[in-house]
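In what follows, a structure is listed as structure tokens, so that the remarks can point back to it.
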Amino acid sequence: MSVRASVWRPHKCGIPGVLTLISEWKIGHTRVLQLHSCSRHNQQSLLGTVGMLVVHATFPIAAEHHERATELIRELAENSREEEGIIDYRVAIDVDDENLFRFFEQYEDEAAFGAPAESDHFERFEAELPELLAGEPEVTRFEVESATDVEL
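Using our numbering, you'd call the opening residue of the sequence shown number 305 and step up by one each time.
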């Protein structure tokens, strides 16, 4: 599997939706993170697509806002799964911290990745998110060129 990853975090300005790229190279307060691995044995293209995007995000939610956050996140996930170009969109609560929500998203391409940000359900979530947070979210984006099935 060949993977390129970038870590995004909320910008220090605090405006919802404004993110800073964290990378390995230091340029001011920004650096570039890249992960690479390769398997030549039984390599397959995942769902026949090259350039699929995978996102893993964690959102620490304040305990007093857990119920409201759960409602918004459930609505966001259900509606996002219906959008064109989204392969999968799942949210789970961390087993060690019930107020940490983990998002796992798969997109066919860059266009599918950008589309949800324009949706009503994403805008509702984004508008309320700053009040619900107990810390900074972390979002990691992986650009996957191919994948290999793992036998268990």
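For glycine and all other residues, C-beta sits at the position ideal for the given N, C-alpha and C.
For residue i, the first and last residue of its enclosing alpha helix (DSSP H)
i: residue 378; result: 370-384
i: residue 427; result: 424-436
i: residue 415; result: 414-418
CB contact flag (residue i, residue j, <9 Å)
i: residue 358; j: residue 411; result: yes
i: residue 372; j: residue 437; result: no
i: residue 405; j: residue 397; result: yes
i: residue 425; j: residue 403; result: no
i: residue 463; j: residue 429; result: Outside the shown range of the chain (305 to 456) lies residue 463, about which nothing can therefore be said.
Cβ neighbour criterion (16 or more within 10 Å) applied to residue i
i: residue 461; result: There is no way to answer for residue 461, as the model of the chain reaches only from 305 to 456.
i: residue 352; result: Confidence at residue 352 is low in this model, with a pLDDT of 40, below 50, so its placement is unreliable and the value that follows should be read with caution. That one is exposed.
i: residue 399; result: exposed
i: residue 454; result: exposed
i: residue 456; result: exposed
i: residue 345; result: Residue placement at residue 345 cannot be trusted, given a pLDDT of 28 that sits under 50; what the coordinates show is reported in the next sentence. Burial call: exposed.
For residue j and residue i, believed in contact at Cβ under 8 Å, the rounded distance
i: residue 439; j: residue 416; result: Their Cβ separation, rounded to whole angstroms, is 29 Å, which puts residue 439 and residue 416 out of contact at 8 Å.
First and last residue of the uninterrupted beta strand (DSSP E) at residue i
i: residue 440; result: Taken as a continuous stretch (DSSP letters only), residue 440 belongs to no beta strand (DSSP E), as it is neither H nor E.
i: residue 357; result: 356-364
i: residue 454; result: Careful: residue 454 lies outside any beta strand (DSSP E) and carries neither H nor E.
Checklist entry - Does the segment 409-427 touch the segment 364-383, meaning 3 or more C-beta pairs lie closer than 8 Å? => result Below 8 Å, enough C-beta pairs join the segment 364-383 and the segment 409-427 to call them touching: three or more.
Item to check | Contact the segment 359-375 vs the segment 440-455: 3+ CB pairs below 8 Å | outcome: Yes, since at least three Cβ pairs between the segment 359-375 and the segment 440-455 fall closer than 8 Å, the two stretches touch.
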